[in-house]
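A.B. asks: The structure's right below; bear with me while I get my questions together.
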Amino acid sequence: MANTYKIFFRTQIQASKSLQKLHDCLKQLNVKHWAYDFQDFLLTMTSELSDFTRIELALRSAGYVCHFIKLENMNETRMETSGVSIA
1 MANTYKIFFR TQIQASKSLQ KLHDCLKQLN VKHWAYDFQD FLLTMTSELS
51 DFTRIELALR SAGYVCHFIK LENMNETRME TSGVSIA
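All letters in the sequence shown, in the order written, are residues 1 to 87 by the working numbering.
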């Protein structure tokens, strides 16, 4: 069974960008579950893909400016995080 990761990005969806475009971009990466918080500009997704740089590159090529925040391995204990935080 593959590991499942929760990945957090900070990004702002501008008026010229649509949620459908974001959805299509994430679908190409086989991201199954995602949510966007309009107040905190936080994009949260669940994926079996542990390489957040690949996701970040896909989002940037679609026109989104994203800042990686954290990666959590969901198969590990809920109390532990295997992520790294950047400012």
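Positions of the beta carbon are idealized from the N, C-alpha and C atoms, including for glycine.
Since the model is a prediction, treat every value here as computed from it, not as a measurement.
If you drop the 5 nearest sequence neighbours on each side, which residues of the same chain put their C-beta closer than 6 Å to that of residue 3?
C.D. replies: Around residue 3: 73 and 75.
A.B. asks: Roughly how many angstroms separate the alpha carbons of residue 39 and residue 48, rounded to a whole number?
C.D. replies: The straight-line gap from Cα to Cα measures roughly 27 Å.
A.B. asks: For the alpha helix (DSSP H) that contains residue 58, what are its first and last residues?
C.D. replies: It spans 52-61 - the alpha helix (DSSP H) in which residue 58 sits, taken as one unbroken run.
A.B. asks: Compare the Cα-Cα distances from residue 24 to each of 55, 12 and 5 and report the closest residue.
C.D. replies: Per the Cα distances, 55.
A.B. asks: Have a look at the DSSP bridge pairing and note the partners of residue 27.
C.D. replies: According to DSSP, residue 27 bridges with nothing at all.
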